[in-house]
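Protein chains in written order, with our numbering: chain D, 130 to 638; chain L, 130 to 638.
Single-structure report; data block below.
Right, dumping it as structure tokens:
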């Protein structure tokens with residue numbers, strides 16, 4: 130049944146939306162029209178299909194508001210009668226209702242939801258209903274697959290030449306975990322294609338993209354990325370400019386207000402981006418422990434299972450590596466300090482952080498074996514050799530050159546922040562605990578990741594024996610102010626928990 | 130653990146909010162702070178408890194934004210270090226999470242949610258999670274009671290003198306159902322206290338408040354209402370200005386986008402307003418049928434059970450009257466036309482709509498018996514007598530006078546709209562169906578409820594025999610334009626379905 134309203138030409142555009150009309154909210158409701166409904170509207174010799182939006186103030190009751198986009202191209206007179214007919218309610222709304230009532234969604238339904246989220250046809254409230262619906266009945270494996278596929282397909286999808294497109298992903302939460310910048314040059318130096326995109330820090334003092342940015346550009350247009358991959362079979366760039374699986378951002382936004390991100394949903398987010406990137410071989414570094422995203426081994430195994438299931442559905446070869454984690458990997462926290470750690474490993478300096486090298490080699494080995502470049506059990510040796518022979522560093526130099534940086538940078542030449550403050554051991558003892566969370570917070574107070582040179586350098590590890598007066602850590606910042614703020618915070622909570630050891634014990638130890 | 134940020138004095142006020150600070154969303158997240166968290170902030174010799182809000186643009190990373198409300202009363206320097214500590218997450222957020230995970234809520238928890246919705250501490254997203262949580266596990270009877278109580282208590286609560294405060298409520302959806310304006314004068318004329326508040330139309334061509342407004346003022350300040358009740362023991366006013374159970378408005382807003390209002394939730398909305406009004410004796414008119422809110426007798430019984438349960442918990446005497454409904458009650462649709470129907474009944478005109486009188490008497494009788502003014506079985510007689518003796522009309526005259534209208538109005542003196550268009554039966558026949566929904570739509574196209582004089586007058590009822598040329602209905606509008614629009618709509622869908630009857634049958638019938 131059609132309704133009749135009076136045209137009102139609005140003085141502004143809808144801001145790049147598709148054809149949209151606005152109606153008084155209460156009136157629209159009373160006609161049974163909701164936000165996002167597809168309407169057929171007719172007026173003198175004209176007909177158009179438009180999307181209904183609510184307004185509280187832009188039109189009066191009895192009016193239908195036309196944005197400039199419409200009345201610039203079609204003749205509309207003020208107050209002219211317009212008939213409206215609801216063509217269809219967005220199928221996405223119906224699908225969300227269905228899921229909320231406990232039913233399972235088909236691919237078409239899931240796709241309609243994800244697509245309408247990306248195209249702003251569903252707002253925050255509707256997206257929230259969608260997220261909440263998973264509490265009525267958990268997403269089935271099939272639904273998780275559908276969601277991943279839909280999320281990947283509703284964003285940009287990349288294609289790189291070659292049959293093997295490798296990737297390595299670390300699930301967040303471990304300070305200084307910059308293995309990516311070591312793994313990529315190792316495997317790429319052995320011929321694996323690995324177009325690596327990374328994120329910037331959100332909840333940590335530095336993301337891989339922040340750290341790589343110390344050495345080269347990371348915001349690189351797609352066509353240039355394609356050329357780089359063609360030439361040197363790898364890159365280390367920021368993924369944020371590609372709109373990979375953009376639905377995820379909108380979903381995470383509403384998840385956040387209740388501090389919910391179910392772990393299966395996290396797997397979907399990660400995998401959707403991998404699908405969009407065209408990845409075929411993937412190693413996932415999955416740390417678990419009290420202070421990281423995945424708290425227990427049991428949960429880690431469940432996450433692993435979800436990764437493996439989705440990988441199988443998409444025909445991706447995957448290896449998920451579980452590691453129990455209790456302290457930072459590497460010694461520097463903050464973009465420049467982490468970059469220095471990475472360079473020290475690639476340049477095989479004597480004082481390189483051995484934990485970063487060890488973990489990177491382990492992940493590179495898995496990826497080499499997975500991608501068929503190394504026979505089972507031989508990956509480790511190949512990875513170590515790539516480092517010690519300088520091949521990996523040579524590849525990193527190619528990456529730095531391709532991305533507009535200085536390939537001759539030496540780990541010790543990197544500029545560090547001007548202001549420093551060192552902390553020394555107050556007595557002989559042994560490190561009982563290193564407070565990862567506090568390291569993160571202090572690094573952020575010091576200015577990381579916005580100030581690239583700021584951060585902390587950690588000199589000691591858990592279980593290490595220390596002597597009175599030995600350096601425990603150094604704070605780096607661009608102003609004394611920041612150092613003072615950090616010191617104030619450190620008075621309330623320490624980074625190191627040290628147990629005192631008497632001289633006797635010390636000799637005995 | 131405290132965080133440190135730099136003060137930024139914002140150039141504007143928070144708009145009447147309590148003390149609020151704003152933080153960069155990403156940064157706040159990384160500190161584990163979410164919207165609505167209660168923070169303790171400290172700066173040079175100052176300490177304050179504030180609520181955290183997100184912003185995308187008002188402050189830069191590393192800054193905390195102070196609204197004018199704060200820095201006008203406390204000394205704050207630009208860029209001064211401020212320490213933040215999360216005191217508590219809103220208990221309401223925890224309660225919503227709990228319900229979303231399938232647990233039952235206590236009164237304290239429910240109250241925290243409802244109160245934070247009313248005070249804007251929970252936004253649309255959080256309110257949506259709350260609404261969605263009922264799909265994880267339906268609200269228990271206890272939870273419905275808690276919600277009703279919390280909704281009533283977080284708004285205005287009224288008190289009227291006397292032990293019996295009566296009320297009558299019609300669950301929406303039936304065109305022209307103006308029984309309230311007949312029931313109130315009947316029962317009030319017999320000594321029952323009935324401070325009746327009604328709503329304006331939202332999804333129909335006229336609400337009781339719109340119709341009463343044809344005869345008198347309906348927006349009346351509370352102190353004046355109290356005086357009116359004291360003097361004439363009743364009123365017929367608009368309830369919208371009293372903020373009765375205001376949480377409901379916010380909840381309904383998010384329910385709407387998925388076109389969900391579970392019926393048990395509807396009962397909560399109604400009862401919360403009754404509790405806030407201090408009602409002690411309540412008759413509920415609950416129509417059910419294909420075109421109204423409650424579609425089947427089965428659902429109606431379930432709604433009745435919920436009403437009775439809540440009434441019992443609050444110590445309210447209740448009677449829920451079920452009626453199957455297939456067509457409008459009364460003959461006029463639209464404020465002035467409905468007011469004329471009401472006056473014709475109260476003034477006992479020969480051509481008064483008998484269905485409106487019958488239904489009103491039935492409801493008044495129930496209320497009289499419930500309130501103890503009539504012995505069981507005697508209510509009907511008393512109600513009829515109040516009408517036929519003119520007592521009810523006299524009471525209505527008192528109401529009209531008290532609310533500033535003209536008490537000497539005669540039903541036939543009411544101004545009707547200037548433009549009219551009549552529809553006549555095209556052949557002899559019998560009315561098979563009257564399309565309630567179409568009547569509503571046409572009345573709205575004609576301008577109701579905004580134009581009080583517009584609407585439709587229906588001459589025939591379902592099952593009635595009609596002769597060719599007899600009047601079926603009359604359209605009323607303030608402009609020919611509106612009439613034309615309505616006629617255009619009526620060409621596509623008719624109000625009456627008439628089955629042709631041959632002359633022979635006609636004689637036989």
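Heads up, the beta-carbon is just placed ideally off N, CA and C, and yes, glycines get one too.
From the beta carbon of residue i, is the nearest beta carbon of chain D less than 8 Å away?
i                      : result
residue 255 of chain L : yes
residue 328 of chain L : no
residue 585 of chain L : no
residue 635 of chain L : Low per-residue confidence applies at residue 635 of chain L: pLDDT is 48, beneath 50, and the placement is therefore not dependable, though the value from the model is reported in the following sentence. Output row for residue 635 of chain L: interface = no.
residue 477 of chain L : no
residue 570 of chain L : yes
residue 136 of chain L : no
residue 167 of chain L : no
residue 234 of chain L : no
residue 614 of chain L : yes
residue 638 of chain L : Residue placement at residue 638 of chain L is poorly supported in this model, since its pLDDT is 36, which falls under 50; the coordinates are not used for a value here.
List the whole-angstrom C-beta distance separating residue i from residue j, where the pair is believed to meet the contact cut-off of C-beta under 8 Å.
i                      : j                      : result
residue 394 of chain D : residue 368 of chain D : Not confirmed; about 19 Å, so no contact.
residue 197 of chain L : residue 142 of chain L : 4 Å
residue 512 of chain D : residue 497 of chain D : 6 Å
residue 407 of chain D : residue 294 of chain D : 5 Å
residue 575 of chain L : residue 628 of chain L : Rounded, the Cβ-Cβ distance is 27 Å, inconsistent with contact.
residue 204 of chain D : residue 151 of chain D : 19 Å between Cβ atoms; not a contact.
residue 417 of chain D : residue 454 of chain D : 7 Å
residue 214 of chain D : residue 251 of chain D : Not really, about 22 Å apart at Cβ, beyond 8 Å.
residue 531 of chain D : residue 361 of chain D : 6 Å
What residue range does the alpha helix (DSSP H) around residue i cover?
i                      : result
residue 560 of chain D : Taken as a continuous stretch (DSSP letters only), residue 560 of chain D belongs to no alpha helix (DSSP H), being part of the beta strand (DSSP E) at 558-563.
residue 175 of chain L : Where residue 175 of chain L is concerned, there is no enclosing alpha helix (DSSP H), although the beta strand (DSSP E) it sits in stretches over 175-184.
residue 438 of chain L : 426-442
residue 200 of chain D : 197-200
residue 141 of chain D : Residue 141 of chain D -> no alpha helix (DSSP H), and no H or E assigned at all.
residue 382 of chain D : 376-385
residue 451 of chain D : Where residue 451 of chain D is concerned, there is no enclosing alpha helix (DSSP H), although the beta strand (DSSP E) it sits in stretches over 446-453.
residue 474 of chain L : 464-475
Verify the CB distance criterion: does residue i have a CB-CB separation below 8 Å to chain L?
i                      : result
residue 605 of chain D : no
residue 226 of chain D : yes
residue 108 of chain D : This structure cannot speak to residue 108 of chain D, because chain D is shown only from 130 to 638.
residue 579 of chain D : yes
residue 451 of chain D : no
residue 391 of chain D : no
Residues of chain L with a CB under 7 Å from the CB of residue i: which are they?
i                      : result
residue 383 of chain D : 254
residue 386 of chain D : 163, 164, 254 and 255
residue 574 of chain D : 133
residue 258 of chain D : 257, 261 and 387
Span of the beta strand (DSSP E) holding residue i?
i                      : result
residue 602 of chain D : 600-606
residue 137 of chain D : 132-138
residue 297 of chain L : 295-299
residue 416 of chain D : 410-417
residue 629 of chain D : 625-629
Taking C-beta pairs closer than 7 Å, name the residues in chain D that residue i reaches, listed in chain order.
i                      : result
residue 222 of chain L : 387
residue 447 of chain L : In chain order: nothing, as chain D lies at least about 29 Å away.
residue 229 of chain L : 261 and 264
Mind checking whether the beta-carbon of residue i lies closer than 7 Å to any heavy atom of the ligand FAD?
i                      : result
residue 624 of chain D : Annotation note on the ligand FAD: not contained in the displayed structure, which lists no ligands.
So with CB distances below 8 Å, who are the chain L contacts of residue i?
i                      : result
residue 536 of chain D : The premise fails here: residue 536 of chain D is roughly 31 Å from chain L at the closest Cβ pair, so nothing lies under 8 Å.
For a contact meaning CB atoms closer than 8 Å, what does residue i contact in chain D?
i                      : result
residue 190 of chain L : 579
> Along the chain, which unbroken stretches of the beta strand (DSSP E) at least 3 residues long are found entirely within the stretch 498-557 of chain D?
Replying inline: 548-553
>> Which runs of the beta strand (DSSP E) at least 3 residues long sit entirely within the stretch 283-369 of chain L? Give them in chain order.
In response: 295-299, 323-327 and 363-367
>> Please give me, in chain order, every unbroken run of the alpha helix (DSSP H) with length at least 4 that falls completely inside the stretch 193-261 of chain D.
In response: Here the runs fully enclosed are 197-200, 220-229 and 236-247.
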